[in-house]
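So the sequence shown is numbered by numbering that gives the first Met the number 0: it starts at 0 and just counts up by one. Just so you know, even glycine gets a beta-carbon here, dropped at the ideal spot from N, CA and C.
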Amino acid sequence: MAIGELVRAELARHDWASLRCGCGDDAEHLPLMFETILEARTPRDMIGYTLEDHVELNGTLFPCSPPAVAVILAALASGPSPLARGVLLQTLWYMSGCH
């Protein structure tokens with residue numbers, strides 16, 4: 000799937016390098032993760048690119064989490080592939096503390 004303008008705008012709107020990520024680094028790598036997930040055609044295409052432990056870790060959210068939600072909502076509004084949709088909805092589920 001091509002990444003829509005709404006998603007690109009949301010990714011560009013945030014200073015990811017200034018936000019702390021759940022992995023312990025800054026969140027500068029999150030746009031690449033989102034792009035890879037949204038462009039993946041198979042689960043294999045996503046290997047190594049996950050939002051787990053980056054935007055949520057054991058019920059804990061991080062400074063990068065609110066901007067990540069904005070990107071996820073933009074992506075869902077853009078009609079992602081069923082594969083990407085599943086990953087994004089699962090991420091929202093985990094972030095809401097319902098896992």
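Query: Could you tell me whether any Cβ in chain C is nearer than 8 Å to the Cβ of ASP25?; Result: Judged by its chain identifiers, the structure shown contains no chain C, having just a single protein chain.
Query: Given that a residue counts as buried once 16 or more other Cβ atoms are within 10 Å of its Cβ, and exposed if not, what is THR90?; Result: buried
Query: Assuming ALA74 and ALA83 form a contact by the criterion Cβ under 8 Å, report the distance between their Cβ atoms to the nearest whole angstrom.; Result: 7 Å
Query: Report yes if the CB atom of CYS63 is closer than 8 Å to the CB atom of ALA26, and no otherwise.; Result: yes
Query: For TYR48, I'd like the list of residues in its chain whose CB is within less than 7 Å of its CB, leaving aside the five on either flank, ordered along the chain.; Result: MET32, THR35 and ILE36
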